[in-house]
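Asker: Counting in the working numbering, the sequence shown runs from 2 upward without gaps. Please find one structure pasted underneath; my questions will follow.
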Amino acid sequence: NGSCVAEVGCYVCMHKELIPLDTFDVLGAGLLFLGGILAGASGIGGGGLNVPLLLLVLNFLFEEAVPISHVMVFGNAIAQNSVNAWRRHPLDPRRPLVDFDVPLILLPMQLLGNSFGV
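What follows is the structure, encoded as structure tokens:
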């Protein structure tokens with residue numbers, strides 16, 4: 002449970018210490034771990050699972066939950082790429098499992114669209 006205090010007109014939210022762990026810390030960590038496994042297995046980033054768990058179970062503010070979720074999704078992406086980058090295509094062992102031409106074509110357009118659209 003976070004308790005907010007005012008200091009010189011500036012509001013700072015202070016969370017409890019990590020140690021000792023309470024029931025919600027253990028439950029939240031377990032649910033986030035399970036959500037990361039499900040997100041990695043299904044190929045989604047996991048932000049849609051992480052943010053509600055951080056908000057509802059672990060009592061984070063929205064401004065804190067979103068960046069933490071971004072770091073978790075980034076870690077999941079690194080783990081998935083490190084596993085799949087070395088795998089080979091099941092029908093043609095000369096080809097990699099990941100088709101690297103598709104991201105090379107799509108990512109520049111996504112970044113350009115993101116620059117103008119967001």
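Where a beta carbon is used, it is the ideal one built from N, C-alpha and C, also for glycine. Every value quoted in this text rests on a predicted model; they were computed, and no experiment measured them.
1) Just the C-alpha distance for GLN81 and GLY114, rounded to the nearest angstrom, thanks.
2) Can you check which of these residues, LEU59, VAL74, LEU105, is closest to LEU22 by C-alpha distance?
3) Since ASN85 and VAL99 should fall inside the 8 Å C-beta cutoff, what is the C-beta to C-beta distance between them, to a whole number of angstroms?
4) Would the stretch 63-73 and the stretch 36-50 be scored as touching if the rule is three or more Cβ pairs under 8 Å?
5) I need the boundaries of the alpha helix (DSSP H) containing LEU32, first residue and last residue.
Answerer: This is what the structure holds:
1) 25 Å
2) LEU59
3) 6 Å
4) yes
5) 24-43
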